[in-house]
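Note sheet for the following structure.
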Amino acid sequence: MSTKRVNSGQWALGLWLLLVGISQQARAQQPVQQFMQLKQQYPAEKAVYLDYRQELTVELKGDSVQVLARHHYDMLHLAGQSDMYAPDQVYSSHFSRLQKIEARTLLPATNDYKALKVTEFKDKFEIRPGIFFDDARVVSFSYPAVAPGVRTVCDYTVRHPDARFLNPFYFASYVPVQHAELVITAPRTVRLNTKQFNIPAGKVTYTRQEKGNNVIYRWVADNLSAAKRETDAPEASYYVPHLVFFVEEAQINGQTRKLLGGVSELYSLYSGFVTGLDKQESPALRRVVDSLTVSARTEPEKVARIYYWVQDHVRYIAFENGLRGFIPHDAGRVYASRYGDCKDMANLLHEMLRMAGVKSYRTWIGTRDLPYHYADLATPGVDNHMITTYEPRPGEYVFLDATSKYTPYGMPSWMIQGKDALLALDGKNCKVVSVPVMERQRSRTVDSSVVVLDGTTGLRGTGRLALNGYAKVRQSYALDGLNPTDEAKLVKSLVERGNNKFFVDKYAVHDLDTRDQPLVVDYEYRLQDYVQRLDDEVYVNLNLDQRYAADRLDPAKRTLARTNDYFHTTRTRTEFEVPAGYEVTYLPANTTGQDQMLGFSIRYERKGTKIIQEKEVFVNYLMLEPAQFGQWNTVVDKLNTAYRDAIILKRKKA
298 MSTKRVNSGQ
308 WALGLWLLLV
318 GISQQARAQQ
328 PVQQFMQLKQ
338 QYPAEKAVYL
348 DYRQELTVEL
358 KGDSVQVLAR
368 HHYDMLHLAG
378 QSDMYAPDQV
388 YSSHFSRLQK
398 IEARTLLPAT
408 NDYKALKVTE
418 FKDKFEIRPG
428 IFFDDARVVS
438 FSYPAVAPGV
448 RTVCDYTVRH
458 PDARFLNPFY
468 FASYVPVQHA
478 ELVITAPRTV
488 RLNTKQFNIP
498 AGKVTYTRQE
508 KGNNVIYRWV
518 ADNLSAAKRE
528 TDAPEASYYV
538 PHLVFFVEEA
548 QINGQTRKLL
558 GGVSELYSLY
568 SGFVTGLDKQ
578 ESPALRRVVD
588 SLTVSARTEP
598 EKVARIYYWV
608 QDHVRYIAFE
618 NGLRGFIPHD
628 AGRVYASRYG
638 DCKDMANLLH
648 EMLRMAGVKS
658 YRTWIGTRDL
668 PYHYADLATP
678 GVDNHMITTY
688 EPRPGEYVFL
698 DATSKYTPYG
708 MPSWMIQGKD
718 ALLALDGKNC
728 KVVSVPVMER
738 QRSRTVDSSV
748 VVLDGTTGLR
758 GTGRLALNGY
768 AKVRQSYALD
778 GLNPTDEAKL
788 VKSLVERGNN
798 KFFVDKYAVH
808 DLDTRDQPLV
818 VDYEYRLQDY
828 VQRLDDEVYV
838 NLNLDQRYAA
848 DRLDPAKRTL
858 ARTNDYFHTT
868 RTRTEFEVPA
878 GYEVTYLPAN
888 TTGQDQMLGF
898 SIRYERKGTK
908 IIQEKEVFVN
918 YLMLEPAQFG
928 QWNTVVDKLN
938 TAYRDAIILK
948 RKKA
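Residue 298 is where the sequence shown starts when you use the numbering used here, and the numbers rise one by one after that.
Structure below.
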């Protein structure tokens, strides 16, 4: 029996004819035409949202401002692989309480569609990696009979009991969107504000309509492409068109109440979360603080000792449960339990510093997962983290993130570099300051090795790898708690070079837990089948580590920026012992190349019977924009040229 392969469009049309019947094709022409039109418009897509809609109603309930949100999502399936979208989920929590949910598959029928309802919904707490507990619940279900040509529709209603905690509206999604619409209906006595992000001019249409005692705000966008997804790209909020909306003020019981709008209103909310903490001092915690600081000679030394103690003795465990996701526990309780989330650890550190006579500030901050600044957006969506800030001198700040276990005193955790920090000066006053980006020399990797020929085509060497700053932080986390087998694999990946015939014969790790010292790995290695020989000449490429050699970025294929965790510098010193009986007939020239984001220098020196190569490569960006790809590639090309250059040895004539 023979088979024929048909393309997806032919297969999908055949399925349609099977579903509706040839005799009924004319009467079902509208759904068929829509399917075939969109199939042609999006040949590479598995599905498309026909309607992507949220309708919100702002309600004044007693002394609160609430929001009732109705969600409607209508997806048309275009390809056989779209059954991956059959499973679906709806989330809820203390701040977004699910009221009602309906879901159905629409099968083509005589004139329109026939509904096949979802009958089984599973409701349970969501378990997320790295989260010990939160109050998020997820309702899971699966659409029946998903196939090309059918539609899956979900309608659900969520009540937000506090209008200050609302989610943005994203116009685009993981599949194309034919029609996206956000409608907000609010009483005239409610003042609404919005902020737009990544929305091209003219792409979203906005209208405002007054109707009775209400105002209806509407935003509409059509024909949106699927949101891009690329390796090392920033979070979607950096590039996907979205609208953040919030209630600035409302008339409640005849009184004007400010909810959000500026930093002062946001801080008023946040300061309420920490008012009343630590009314009673913990004697046990006081004894710990006294023992830590008794011999400290300076205030910064006191701060560093307390900071390291919290890092070492309090386990970070994320905990989110309604307002508990914003309100820290008392320091005494966190000390007694020896675990807590970011706000618990920040408050513990703040209280311990107070006991030591050091002034510090509880600090709210957004990690680099969020693109917002307090000056642009002062809502709870602007930040997602809490730390402690110490001010040794006026205007000089040390950002202490105790959740980052291996980050040394004097460096912020890598994920908050360049972000705004909201400092709680007192119960009513706050200040926004910027977290610096650490210069590349703070995260320095230095690799020094001595190599000799091993046999005819191999190398043998001893080396020392020293990691500083964020480079050490990252590898300390990776090494923490590994068994000997996994540790050996990780060390090999750290020092590996040349080719895949690289073997570590012996190694030792030093200063893993000493934050103020580099992480050091001493190692001995063999590298087989690396040296090239031609007649009486030997070619040895001392560029054993060729990082970024394959790192050209094609702007025709990649359209999103690329993120990098931190600026860093890698220095490599390689000493090659010229074997007896050989002379050096060619030594590569020194070369350099750099722009703002990437740079390198490679230098060679003869010293007795040794050839010494000194190489430095640096990376100097947190976000590499597509407009910078050309400059990046220019340096990568020059680096590759330098990498190909090898020293040439020739056997001396007898």
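No residue lacks a Cβ here, since even glycine has one placed at the ideal position from N, Cα and C.
- Within the segment 446-494, no alpha helix (DSSP H) run of at least 4 residues lies entirely inside it.
- Looking at the DSSP output, C727 shares a beta bridge with A721.
- Per DSSP, reduced to three states, the secondary structure at Q893 is coil, with no helix or strand assignment.
- For the set E821, A547 and R367, the Cα lying nearest the Cα of V748 is the one of E821.
- The Cβ atoms of A628 and E648 lie closer than 8 angstroms to each other.
- Distance from the CA atom of N464 to the CA atom of S389, rounded to whole angstroms, is 12 angstroms.
- For H682, the enclosing beta strand (DSSP E) covers residues H682 to R690.
- Between the alpha carbons of G758 and D529 lies a distance of about 34 angstroms.
- E793 and K343 have their C-alpha atoms roughly 41 angstroms apart.
- Across the set N726, S746 and R830, the C-alpha of R830 shows the shortest separation from the C-alpha of G752.
- Secondary structure at S773: helix, using DSSP grouped into helix, strand and coil.
- In the structure shown, M920 adopts extended strand secondary structure according to DSSP, grouped into three states.
- If one requires a minimum length of 4 residues, no alpha helix (DSSP H) run lies completely within the segment 483-552.
- For the segment 621-663, the full-length alpha helix (DSSP H) segments reaching 4 residues or more read 628-634 and 639-652 along the chain.
- Pairing V447 with H374 gives a Cβ-Cβ distance under 8 angstroms.
- For K419, the beta-bridge partners assigned by DSSP are S437.
- Rounded to the nearest angstrom, the gap between the Cα atoms of S773 and E693 is 28 angstroms.
- Residue range F799 to H807 is occupied by the beta strand (DSSP E) that includes F800.
- A residue is called buried once 16 or more other Cβ atoms fall within 10 Å of its Cβ, and T595, having fewer, is exposed.
- Counting along the chain, L936 sits inside the alpha helix (DSSP H) bounded by residues F926 to Y940.
- Inclusion of Y918 and I908 in the CB contact set at 8 angstroms is not warranted, their separation being larger than that value.
- For P384, the enclosing beta strand (DSSP E) starts and ends at P384 to S389.
- I908 has F873 and R903 as its beta-bridge partners, per DSSP.
- Taking 8 angstroms as the upper bound for CB-CB distance, R394 and L413 are not in contact here, some 28 angstroms apart.
- In this structure, the alpha-carbon of A924 lies about 44 angstroms from that of D723.
- In this structure, L946 sits near Y879, with a CB-CB distance shorter than 8 angstroms.
- Collapsing the DSSP output to three states places H670 in coil.
- Using a 10 angstroms sphere on the CB of G637, the tally of other CB atoms reaches 16 or more, which defines it as buried.
- In the three-state DSSP reduction, L839 falls in the coil class, being neither helix nor strand.
- Under the DSSP assignment, E598 falls in the alpha helix (DSSP H) whose first and last residues are E596 to H610.
- Excluding its 5 nearest sequence neighbours in each direction, M652 has C-beta neighbours in its own chain below 6 angstroms: R583 and V586, listed in chain order.
- Contact between the segment 706-723 and the segment 772-791 is not established, with fewer than three Cβ pairs separated by less than 8 angstroms.
- One thing to note: A469 has its Cβ within 8 angstroms of the Cβ of A524.
- Taking all protein chains in view, the Cβ of H610 is surrounded by fewer than 16 other Cβ atoms within 10 Å, so the residue is classified as exposed.
- Leaving aside the five residues that flank G795 on each side, the residues in its chain whose CB is nearer than 8 angstroms to its CB run, in chain order, L756, L824, Y827 and L841.
- Cβ atoms of N644 and G558 stay farther apart than 8 angstroms, at about 27 angstroms.
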